[in-house]
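Written below as structure tokens is the structure these notes are about.
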Amino acid sequence: MKTCQLVIGSFFISIMAFSQNVQQRLDSTVKAMLGDSTMKHALMGLYVVNSNTNEVLYDLNSQIGLAPASCQKIITSIAAFDLLGKEYKWKTELGYDGTIKNDSLNGTLYIIGYGDPTLGSWRYEATKEENVLHTWVHAIKGLGIKYATSVFGYDRKWESATVPGGWIWDDIGNYYGAGVSALNWKENQYDVKLQAGDSIGAKVKIELPEGTLDEIYLENELVTQKAKTGDNAYIYLSPYSFTGYLRGSIGIDDKHLTIAGAVPNPSMNMTNVLAAAMQKAGMDKSLFVGSFNSPLIEKKNFPIKYRTFYTQYSPPLDSVNFQFLRHSINLYGEAFIKTIAYERTGFGSTDSGLAIVKRFWQERGIEKSALHLVDGSGLSPQNRITANSLVTALQYARTKDWFNSFHEALPTYNQMKLKSGTIGGAKSFAGYHKAKNGTEYTVAIIVNNFDGSASNVVKKMFAVLDELK
Numbered sequence: 003m004k005t006c007q008l009v010i011g012s013f014f015i016s017i018m019a020f021s022q023n024v025q026q027r028l029d030s031t032v033k034a035m036l037g038d039s040t041m042k043h044a045l046m047g048l049y050v051v052n053s054n055t056n057e058v059l060y061d062l063n064s065q066i067g068l069a070p071a072s073c074q075k076i077i078t079s080i081a082a083f084d085l086l087g088k089e090y091k092w093k094t095e096l097g098y099d100g101t102i103k104n105d106s107l108n109g110t111l112y113i114i115g116y117g118d119p120t121l122g123s124w125r126y127e128a129t130k131e132e133n134v135l136h137t138w139v140h141a142i143k144g145l146g147i148k149y150a151t152s153v154f155g156y157d158r159k160w161e162s163a164t165v166p167g168g169w170i171w172d173d174i175g176n177y178y179g180a181g182v183s184a185l186n187w188k189e190n191q192y193d194v195k196l197q198a199g200d201s202i203g204a205k206v207k208i209e210l211p212e213g214t215l216d217e218i219y220l221e222n223e224l225v226t227q228k229a230k231t232g233d234n235a236y237i238y239l240s241p242y243s244f245t246g247y248l249r250g251s252i253g254i255d256d257k258h259l260t261i262a263g264a265v266p267n268p269s270m271n272m273t274n275v276l277a278a279a280m281q282k283a284g285m286d287k288s289l290f291v292g293s294f295n296s297p298l299i300e301k302k303n304f305p306i307k308y309r310t311f312y313t314q315y316s317p318p319l320d321s322v323n324f325q326f327l328r329h330s331i332n333l334y335g336e337a338f339i340k341t342i343a344y345e346r347t348g349f350g351s352t353d354s355g356l357a358i359v360k361r362f363w364q365e366r367g368i369e370k371s372a373l374h375l376v377d378g379s380g381l382s383p384q385n386r387i388t389a390n391s392l393v394t395a396l397q398y399a400r401t402k403d404w405f406n407s408f409h410e411a412l413p414t415y416n417q418m419k420l421k422s423g424t425i426g427g428a429k430s431f432a433g434y435h436k437a438k439n440g441t442e443y444t445v446a447i448i449v450n451n452f453d454g455s456a457s458n459v460v461k462k463m464f465a466v467l468d469e470l471k
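Each residue of the sequence shown is one higher than the last, beginning at 3 in my numbering.
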């Protein structure tokens with residue numbers, strides 16, 4: 003018995019010694035990092051705990067709110083798993099009003115959106131553009147409709163604002179700043195092909211794929227710069243606008259460059275796409291196309307009454323979340339927030355969704371003041387989250403039956419399972435790591451207001467995280 007006690011005692015002394023050694027190494031590396039000239043005016047938050055015991059191994063400014071960038075997706079993702087469920091699916095309904103007679107619909111076809119962010123997405127087989135449109139046209143013909151005069155997109159299950167407050171002008175208009183609607187299509191993106199001019203200062207040639215957003219006009223202000231300067235081209239186009247601007251530059255060696263923009267009116271775009279597919283299938287060639295946001299629509303008759311004849315379902319939430327975390331899709335985060343609001347209140351709005359999420363986390367030990375949330379994705383520089391909050395959320399996830407799905411979705415950085423975040427002047431990592439000796443760690447590190455490039459500060463952050471290996 004005494005021998006057993008000695009062995010157990012030695013074991014715990016060994017663990018304590020190892021923990022102290024990790025703490026000392028972290029402290030030394032952190033001090034070296036903070037002493038670098040690029041960190042003179044920066045603020046860093048670092049919080050490390052033993053995943054299994056919750057023992058705090060390192061705490062630097064863990065209660066200071068910092069701009070987390072895409073690490074904020076952790077907060078949204080975990081809340082969505084609990085509040086919506088791993089198997090949750092979004093739906094999109096096809097409906098009609100009026101009567102069908104002699105192969106003709108005397109009424110209107112409707113696409114009724116409930117916020118599916120995957121509709122038309124190339125990331126899943128069932129949601130690909132050609133598959134969805136083929137199924138929908140087949141369903142319409144199945145009603146006996148060969149001729150229809152109008153198709154209408156309805157997106158007012160959610161608020162009209164597609165972009166959260168706090169998103170900056172430099173982001174809105176580009177694919178990563180795509181707004182989310184109750185009716186989306188192909189992640190509300192479109193491509194613009196760019197070809198550099200033949201000399202520095204020459205205008206860049208642009209090309210939109212055939213049939214892409216015929217309702218908008220992009221004024222081209224892009225110029226050609228010297229070789230190897232890369233892609234510095236940005237699209238400026240606000241929601242529901244018809245005119246946008248291409249500004250910035252690309253290198254003279256970029257002759258086949260493609261950038262992606264954000265669709266300004268998602269519901270109208272989706273409706274146009276279905277109308278085109280119907281026309282291609284031999285249905286009425288002069289379809290009237292509308293959406294709630296069209297100035298041609300008389301709005302006094304809404305909300306509409308319709309008969310549903312087909313319902314499209316998204317992949318389950320765990321599949322969507324995998325793409326959300328692995329590829330850091332901002333649109334998905336905003337869809338999660340508004341969907342949470344819709345399922346709890348009957349109307350999808352960012353403010354309501356964020357209030358529900360903050361209350362959710364307050365009930366699980368994160369102070370309300372520790373989460374200053376403006377959106378669900380972390381794109382806004384106005385967001386503020388503490389490193390402690392991120393670790394608390396990550397530790398909570400470990401207790402849930404859906405944890406394996408969440409853990410698998412996290413990308414791998416520096417041989418660790420970490421979500422990363424990057425916006426101007428902010429870089430972050432948060433996640434899990436299992437050391438060579440078997441010790442498991444949960445960690446969050448955020449740096450704001452550093453000087454120099456993001457890649458430079460990442461090297462320093464990885465040097466800190468390496469002490470956990």
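Glycine residues also receive a C-beta, built at the ideal position from the N, C-alpha and C atoms. It should be emphasised that the depicted structure is a prediction, and the values quoted were computed from it without experimental measurement.
Assuming contact is defined by CB atoms lying nearer than 9 Å, are residue 153 and residue 86 in contact in what I supplied?
Taking a C-beta distance under 9 Å as the contact criterion, residue 153 and residue 86 do not qualify as a contact pair.
Validate contact between the segment 372-391 and the segment 71-79 using beta carbons, cut 8 Å, 3 pairs
At 8 Å Cβ cutoff, the stretches touch.
By the three-class DSSP mapping on this structure, what secondary structure does residue 209 have?
Note: residue 209 maps to strand in three-state DSSP.
Going straight from the alpha carbon of residue 70 to that of residue 239, what length do you get?
Using only the alpha carbons, I get a separation of about 26 Å.
Would you grab the beta carbon distance between residue 464 and residue 416 for me? Rounded to a whole angstrom, and I think it's under 8 Å.
In this structure, residue 464 and residue 416 form a Cβ contact; the two beta carbons are roughly 5 Å apart against a cut-off of 8 Å.
From residue 321 to residue 123, what does the alpha carbon distance come to, in whole angstroms?
Their Cα atoms are separated by approximately 13 Å.
Taking a contact to mean a Cβ-Cβ separation below 9 Å, would you say residue 377 touches residue 336 in this structure?
With respect to residue 336, residue 377 sits close: the two C-beta atoms are nearer than 9 Å.
Give me, in chain order, the residues of the same chain whose beta-carbon lies closer than 7 Å to that of residue 471; leave out the 5 immediate sequence neighbours on both sides.
Within the same chain, residue 471 has close Cβ partners 437 and 438.
Contacting residues, own chain, Cβ-Cβ under 6 Å from residue 106 (five flanking each side not counted)
The residues are 149.
Does the distance from the C-beta atom of residue 156 to that of residue 199 stay below 9 Å?
It is not a contact, given that the beta carbons lie outside the stated cut-off.
Would you kindly work out how many angstroms separate the C-alpha atoms of residue 429 and residue 151, rounded to a whole number?
The C-alpha of residue 151 is placed about 52 Å away from the C-alpha of residue 429.
Of the residues 216, 236, 327 and 229, which one's Cα is nearest the Cα of residue 222?
Here the closest residue by C-alpha is 236.
What separation, rounded to the nearest whole angstrom, lies between the Cα atoms of residue 204 and residue 226?
The alpha-carbon of residue 204 is positioned some 5 Å away from that of residue 226.
Close Cβ partners of residue 188 (< 6 Å) along its chain, the five nearest in sequence each way excluded
Within the same chain, residue 188 has close Cβ partners 122.
So, residue 333 versus residue 190, is the Cβ gap smaller than 9 Å?
Yes, the Cβ-Cβ distance between residue 333 and residue 190 is below 9 Å.
Taking residue 277 as the reference, give the member of 410, 138 and 356 with the closest Cα.
When each option's Cα is compared against that of residue 277, the closest is 138.
In whole angstroms, give me the CA-to-CA distance for residue 324 and residue 408.
In a straight line, the C-alpha of residue 324 is about 7 Å away from that of residue 408.
Strand pairing of residue 251, partner residues [DSSP]
225 and 234, per the DSSP bridge assignment.
Answer yes if the segment 23-43 comes into contact with the segment 454-462, meaning at least three C-beta pairs across the two stretches below 8 Å, and no otherwise.
Contact between the segment 454-462 and the segment 23-43 is present, because at least three Cβ pairs lie under 8 Å.
Distance, residue 104 Cα to residue 363 Cα:
Cα atoms of residue 363 and residue 104: separation of roughly 57 Å, rounded to the nearest angstrom.
Just to confirm, does residue 231 get its C-beta within under 8 Å of one of the non-hydrogen atoms of the ligand GDP?
The ligand GDP is not part of this structure, which contains no ligands at all.
Of the listed residues 401, 331 and 397, nearest to residue 413 (C-alpha basis):
Comparing alpha-carbon positions, the option among 401, 331 and 397 lying closest to residue 413 turns out to be 331.
Is residue 344 helix, strand or coil when you go by DSSP?
Looking at residue 344 - three-state DSSP - the assignment turns out to be helix.
Cβ-Cβ distance between residue 246 and residue 231 below 9 Å
Between residue 246 and residue 231, the C-beta gap is not smaller than 9 Å, which leaves the two residues out of contact.
Does DSSP classify residue 428 as helix, strand or coil?
Three-state DSSP puts residue 428 in a strand.
So residue 181 and residue 165 are in contact, right, with Cβ under 8 Å, and what is the actual spacing, rounded?
Separation of the CB atoms of residue 181 and residue 165 is rounded to 4 Å, and the pair is thereby assigned contact status at 8 Å.
Complete runs of the alpha helix (DSSP H) confined to the segment 384-444 [at least 4 residues]:
Listed in chain order, they are 389-399 and 405-411.
Since residue 358 and residue 343 should fall inside the 8 Å C-beta cutoff, what is the C-beta to C-beta distance between them, to a whole number of angstroms?
At roughly 6 Å, the Cβ-Cβ gap stays under 8 Å, so residue 358 and residue 343 are in contact.
Return the Cβ separation of residue 381 and residue 179 in integer angstroms, given the expectation that the two are a contact with Cβ distance under 8 Å.
Rounded, the Cβ-Cβ distance is 7 Å, consistent with contact.
According to the neighbour-count rule (16 or more other Cβ atoms, all chains shown, within 10 Å of its Cβ), is residue 80 buried or exposed?
Per the 10 Å Cβ criterion, buried.
Could you name the residues that DSSP lists as bridge partners for residue 260?
For residue 260, the pairing in a beta bridge is given by DSSP as 195.
Locate the beta strand (DSSP E) running through residue 203, then write down its first and last residues.
Here residue 203 belongs to no beta strand (DSSP E), and DSSP marks it neither H nor E.
Given a cut-off of 9 Å, decide if residue 194 and residue 209 are closer than it, judged by their beta-carbon atoms.
For the pair residue 209 and residue 194, the CB atoms are nearer than the 9 Å cut-off.
Scan the segment 53-98 and note each continuous beta strand (DSSP E) run of 3 residues or more that stays entirely inside, going in chain order.
With a minimum length of 3 residues, the continuous beta strand (DSSP E) runs that stay inside the segment 53-98 are 58-62 and 93-98.
Do the CB positions of residue 339 and residue 352 come within less than 9 Å of each other?
Yes, these two residues count as a Cβ contact at 9 Å.
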